[in-house]
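Novice: Next up is a structure, given as structure tokens.
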Amino acid sequence: MPSELEEICSQLSPDQYSFIEADRDERAVDWGTELEEGVQPDVVIWPEDTDDVSSVLSEANDRRIPVTPYAAGTSLEGNPVPVAGGISLDLTRMNDVYEIRPDDLQIDVGPGIYGDEINEALKSHGLMLPSLPSSGAISTIGGMIANDASGMKTVKYGEVSDWLLEAEAVLPTGEVVTAGTKAVKTSSGYNLLDLLIGSEGTLAIITRLTLRLEGRPEQVWAGRATFTNLEDASAAVFDTVRSGVDVAKIELIDSISAEIANASLDTDLPDSPMVFLEFHANHSIESEVEFCQTVFESHNVSTFEIAESDEEMAELWEARRELAEAVEPFDPNLSSLTPGDVTVPISALPDIVRFIKNIGDEHGLLIPCFGHAGDGNIHYFVMVDPDDPETVETGQAVSKEIVEYAIQLGGTATGEHGVGVGKQAHLVTEHGEVAVDLMQSIKKSFDPNGILNPGKIFPTHRSDTDTSSHQ
Numbered sequence: 001m002p003s004e005l006e007e008i009c010s011q012l013s014p015d016q017y018s019f020i021e022a023d024r025d026e027r028a029v030d031w032g033t034e035l036e037e038g039v040q041p042d043v044v045i046w047p048e049d050t051d052d053v054s055s056v057l058s059e060a061n062d063r064r065i066p067v068t069p070y071a072a073g074t075s076l077e078g079n080p081v082p083v084a085g086g087i088s089l090d091l092t093r094m095n096d097v098y099e100i101r102p103d104d105l106q107i108d109v110g111p112g113i114y115g116d117e118i119n120e121a122l123k124s125h126g127l128m129l130p131s132l133p134s135s136g137a138i139s140t141i142g143g144m145i146a147n148d149a150s151g152m153k154t155v156k157y158g159e160v161s162d163w164l165l166e167a168e169a170v171l172p173t174g175e176v177v178t179a180g181t182k183a184v185k186t187s188s189g190y191n192l193l194d195l196l197i198g199s200e201g202t203l204a205i206i207t208r209l210t211l212r213l214e215g216r217p218e219q220v221w222a223g224r225a226t227f228t229n230l231e232d233a234s235a236a237v238f239d240t241v242r243s244g245v246d247v248a249k250i251e252l253i254d255s256i257s258a259e260i261a262n263a264s265l266d267t268d269l270p271d272s273p274m275v276f277l278e279f280h281a282n283h284s285i286e287s288e289v290e291f292c293q294t295v296f297e298s299h300n301v302s303t304f305e306i307a308e309s310d311e312e313m314a315e316l317w318e319a320r321r322e323l324a325e326a327v328e329p330f331d332p333n334l335s336s337l338t339p340g341d342v343t344v345p346i347s348a349l350p351d352i353v354r355f356i357k358n359i360g361d362e363h364g365l366l367i368p369c370f371g372h373a374g375d376g377n378i379h380y381f382v383m384v385d386p387d388d389p390e391t392v393e394t395g396q397a398v399s400k401e402i403v404e405y406a407i408q409l410g411g412t413a414t415g416e417h418g419v420g421v422g423k424q425a426h427l428v429t430e431h432g433e434v435a436v437d438l439m440q441s442i443k444k445s446f447d448p449n450g451i452l453n454p455g456k457i458f459p460t461h462r463s464d465t466d467t468s469s470h471q
């Protein structure tokens, strides 16, 4: 047990740190990392306020000890996995609602609060944070901002980060800065807030967030449409967005995903491609639904149904929310590679869906795909036999081809999961050498000793900071 870690922990209460192996094992992985692939931190520390975070980072920076922020562990690209050991800084105790300002449509919260807890606190005010992903019940707001997360309602409300106004953050040196402003707009200085968004805890650790809010819609309708083929379904989604239909959610599910949901979740979805829909309005919602149906009818829609009760809507969306977890148990002989989350311009949605299906058929691989199609975001699972090295290798090659094709279409390697360790190989392809060099220079300006979440985002062969002395 390194003595320098004991010195850091001695400044905290005994219940704020742990060298216990079970606690360290838990923070050695996220949802996309198997335990045998993970790296165990040397210690887990639970800060309870900004001062705790500042103290830990200052001491760690002086000693060149790696610090990896951790929250709920629901990320999929190894973002919070401490690849260099050191300290796992678990922020889940910083979960307070500090202040709600209904007149300003704002709330101040800690980074460790779950997304749904924010909306629960706002319910009595008739307000909401509308952009939360479906994982809002199990994901923290700090993790969402760090990974630039988004979800089903992005097509109407944008990403979670679009609702962030101001953030208090601690630099690797322990210094505290405030990025952004509580004003709804500013043209003052560099936009440090946007640098923190999606930085995956490599630049600073956010300890307090100010979020802007929206009134809850008076009318919410949900529905489902089915199609005879995936081409028509994806084209209908594109046309709906292009035509300006005011839709809050529009989710595409292929027939394989429907089969998986029925087998694993005991649902009774039609065995065909389908589109799930949700509309939010304060008046005249019927006309928007009719507009959408008209667009769908021009793409050979087979059925178009609207739920008539809250219970029916909840049942309708349950299958979509649980679909990602249903993939793994579908076939005991198959396992999925890391879930893909490419995003393309909406006009290219039919192209990327077609490419995924064609390349799966070409290599004899099962690749269910579904996702937040309204913003061009497609999730897919390349299913392989984990005991067959040749099939695994083929699956990895196919995954790479899908990402590269998405980038060729003007898209991105990751729409909402972040780079972490899983998407590093695509960073230069997407952004170019000069841009990645610039990103690394920004990292070095914030974190000259390379202690914050080392080994993430940038390809390892480009790393210019050595933290191996602590291992």
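Taking the UniProt record's numbering, the leading residue of the sequence shown gets 1, the next gets one more, and so forth. In this text, a Cβ means the ideal position worked out from N, Cα and C, and glycines have one as well.
Where does E322 fall in DSSP's three states?
Specialist: As a position in the sequence shown, residue 322 is number 322, starting the count at 1. Here E322 sits in helix by DSSP.
Novice: How would you call D453, buried or exposed, if buried means at least 16 neighbouring beta carbons within 10 angstroms?
Specialist: The residue labelled residue 453 in the question sits at position 453 within the sequence shown. A small correction: the amino acid at residue 453 is Asn; Asp does not occupy that position in the sequence shown. Buried.
Novice: Using the rule of at least 16 other Cβ atoms within 10 Å of the residue's Cβ for burial, across every protein chain shown, is I378 buried or exposed?
Specialist: For the purposes of this step, residue 378 is taken as the residue at position 378 of the sequence shown. Buried: at least 16 other Cβ atoms inside 10 Å.
Novice: If we call anything under 7 Å between Cβ atoms a contact, is P350 one with S234?
Specialist: Your numbering for residue 350 matches position 350 in the sequence shown. Your numbering for residue 234 matches position 234 in the sequence shown. Yes. Within cutoff.
Novice: Exposed or buried, which one is T467 when buried takes at least 16 other CB atoms within 10 Å?
Specialist: Within the sequence shown, the letter at position 467 stands for residue 467. At T467, the pLDDT of 42 sits below 50, so the modelled position is not reliable and the matter cannot be decided from this model.
Novice: Using only alpha-carbon positions, find the residue among M152, G126, G180, P345 that is nearest to E214.
Specialist: Mapped onto the sequence shown, residue 214 falls at position 214. With distances taken between Cα atoms, E214 lies closest to G126.
Novice: Leaving out the 5 sequence neighbours to the left and right, which residues in its chain are closer than 7 Å to A425 when beta-carbon positions are compared?
Specialist: The sequence position of residue 425 within the sequence shown is 425, counting from 1. Correct list, in chain order: P459.
Novice: So, at 6 Å on beta carbons, what are the nonlocal neighbours of E278 in its own chain, with the 5 sequence-adjacent residues on each side left out?
Specialist: Taking the first residue of the sequence shown as position 1, residue 278 is located at position 278. Closer than 6 Å at the Cβ level, and outside the excluded window around E278, lie A222, A248, K249.
Novice: Rounded to whole angstroms, what is the Cα-Cα separation between N147 and F227?
Specialist: Within the sequence shown, the letter at position 147 stands for residue 147. Within the sequence shown, the letter at position 227 stands for residue 227. Their backbone Cα atoms lie some 34 Å apart in a straight line.
Novice: Would you call the segment 157 to 174 and the segment 119 to 134 in contact, with 3 or more CB pairs under 8 Å?
Specialist: Cβ pair count under 8 Å is three or more, so yes.
Novice: Relative to the ligand COA, is the shortest distance from any of its heavy atoms to the C-beta of L91 smaller than 6 Å?
Specialist: As for the ligand COA, it is missing from this structure, which has no ligand bound.
Novice: For I442, which residues from the same chain have a beta carbon less than 8 Å from its beta carbon, with the 5 sequence-adjacent residues on both sides left out?
Specialist: The sequence position of residue 442 within the sequence shown is 442, counting from 1. If we look at I442 and ignore the five residues flanking it on each side, its Cβ neighbours are L195, L203.
Novice: Hey, how far is the Cα of E311 from the Cα of W31?
Specialist: Numbered from 1 along the sequence shown, position 311 holds the residue referred to as residue 311. Numbered from 1 along the sequence shown, position 31 holds the residue referred to as residue 31. Taking the straight line from one Cα to the other gives about 30 Å.
Novice: Taking only the alpha-carbon atoms, compute the straight-line gap between E251 and R64 and give it to the nearest angstrom.
Specialist: To locate residue 251, count along the sequence shown from 1; it is residue 251. To locate residue 64, count along the sequence shown from 1; it is residue 64. Taking the straight line from one Cα to the other gives about 46 Å.
Novice: Which residue's Cα is closest to the Cα of K185: I205, A314, L211?
Specialist: Taking the sequence shown and counting its residues from 1, the one referred to as residue 185 is at position 185. Checking every option, the nearest Cα to that of K185 belongs to L211.
Novice: When the Cα of D23 is compared with those of Q11, Y70, L57, S10, which residue comes out closest?
Specialist: Here residue 23 refers to the residue found at position 23 of the sequence shown. It is Y70 whose Cα lies nearest to the Cα of D23.
Novice: So, under 8 Å CB-CB, D444 and G420 are touching, yes? Tell me the CB distance rounded to an integer number of Å.
Specialist: The sequence position of residue 444 within the sequence shown is 444, counting from 1. The sequence position of residue 420 within the sequence shown is 420, counting from 1. According to the sequence as given, residue 444 is Lys; it is not Asp. Rounded, the Cβ-Cβ distance is 20 Å, inconsistent with contact.
Novice: Hey, N61 and P172: beta-carbon distance below 7 Å or not?
Specialist: Mapped onto the sequence shown, residue 61 falls at position 61. Mapped onto the sequence shown, residue 172 falls at position 172. Yes, these two residues count as a Cβ contact at 7 Å.
Novice: Ordered along the chain, which non-local residues of its own chain (more than five positions away) have a Cβ less than 7 Å from that of G395?
Specialist: Within the sequence shown, residue 395 is the residue found at index 395, counting from 1. So the list reads L337, L365, V382, V384, once near-sequence residues are dropped.
Novice: Would you kindly work out how many angstroms separate the C-alpha atoms of Q293 and V275, rounded to a whole number?
Specialist: To locate residue 293, count along the sequence shown from 1; it is residue 293. To locate residue 275, count along the sequence shown from 1; it is residue 275. Cα to Cα, Q293 sits roughly 12 Å from V275.
Novice: Assuming the contact rule is C-beta atoms closer than 8 Å, D232 and H299 should be a hit. Round their C-beta distance to whole Å, please.
Specialist: Along the sequence shown, one-based indexing puts residue 232 at 232. Along the sequence shown, one-based indexing puts residue 299 at 299. Right, their Cβ atoms sit about 5 Å apart.
Novice: By Cβ distance below 6 Å, which residues in the same chain neighbour N262 in space, the five residues on each side in sequence not counted?
Specialist: Taking the first residue of the sequence shown as position 1, residue 262 is located at position 262. Cβ neighbours of N262 beyond the five flanking positions: L269.
Novice: So, is D341 buried or exposed, given that buried needs 16 or more other C-beta atoms within 10 angstroms?
Specialist: Locating residue 341 in the sequence shown gives position 341, where the first residue counts as 1. Its Cβ being crowded by 16 or more others within 10 Å, D341 is buried.
Novice: Determine, using beta carbons only, whether V384 comes closer than 7 Å to chain C.
Specialist: Within the model displayed, chain C is absent; a lone protein chain is all it includes.
Novice: So, with DSSP's three-state summary, where would you put S88?
Specialist: Locating residue 88 in the sequence shown gives position 88, counting from the first residue. Residue state, collapsed to three classes: strand.
Novice: So the candidates are A169, E117, E7, E59; which of them puts its Cα closest to the Cα of F446?
Specialist: The residue labelled residue 446 in the question sits at position 446 within the sequence shown. Comparing Cα positions, the closest option is A169.
Novice: Can you tell me where the alpha helix (DSSP H) holding Q396 begins and where it ends?
Specialist: Here residue 396 is taken as the residue at index 396 of the sequence shown, counted from 1. Counting along the chain, the alpha helix (DSSP H) containing Q396 begins and ends at 389 to 408.
Novice: Residues in the same chain with beta-carbon distance under 6 Å from N449, minus the five sequence neighbours each way, listed in chain order, please.
Specialist: Within the sequence shown, residue 449 is the residue found at index 449, counting from 1. Contacts found: N61, R64.
Novice: Is A319 near L230, with beta carbons less than 7 Å apart?
Specialist: To locate residue 319, count along the sequence shown from 1; it is residue 319. To locate residue 230, count along the sequence shown from 1; it is residue 230. No, the Cβ-Cβ distance between A319 and L230 is not below 7 Å.
Novice: Helix or strand or just coil, what does DSSP make of T465?
Specialist: Along the sequence shown, one-based indexing puts residue 465 at 465. For T465, the predicted structure reports a pLDDT of 47, less than 50, and the residue's modelled location is therefore unreliable. The matter cannot be settled from this model.
Novice: Can you give the beta carbon distance from V289 to G374, rounded, assuming they're within the 8 Å contact cut?
Specialist: Counting from 1 along the sequence shown, the entry for residue 289 is found at position 289. Counting from 1 along the sequence shown, the entry for residue 374 is found at position 374. No, V289 and G374 are not in contact; Cβ-Cβ is about 15 Å, not under 8 Å.
Novice: Got a sec? Which residues, its chain only, sit under 6 Å from K156 by beta carbon, not counting five neighbours each side?
Specialist: Mapped onto the sequence shown, residue 156 falls at position 156. Answer for K156: A248, listed in chain order.
Novice: Please report the straight-line C-alpha distance between S59 and A28, rounded to a whole angstrom.
Specialist: What you label residue 59 is simply residue 59 of the sequence shown in a count that begins at 1. What you label residue 28 is simply residue 28 of the sequence shown in a count that begins at 1. Before going on, a small fix: residue 59 reads as Glu here, not Ser. Straight-line Cα distance between these residues: approximately 22 Å.
Novice: Quick check on H417: buried or exposed, where buried means 16 or more other Cβ atoms within 10 Å of its Cβ?
Specialist: Numbered from 1 along the sequence shown, position 417 holds the residue referred to as residue 417. By the 10 Å Cβ count, H417 comes out buried.
Novice: Going along the chain, which residues of its own chain have a beta-carbon closer than 7 Å to the beta-carbon of E4, five neighbours each way excluded?
Specialist: Here residue 4 is taken as the residue at index 4 of the sequence shown, counted from 1. The answer, listed in chain order, is R63, I65.
Novice: Could you tell me the distance, in whole angstroms, from the CA atom of D103 to the CA atom of K123?
Specialist: As a working note, residue 103 is residue 103 in the sequence shown. As a working note, residue 123 is residue 123 in the sequence shown. Their Cα atoms are separated by approximately 15 Å.
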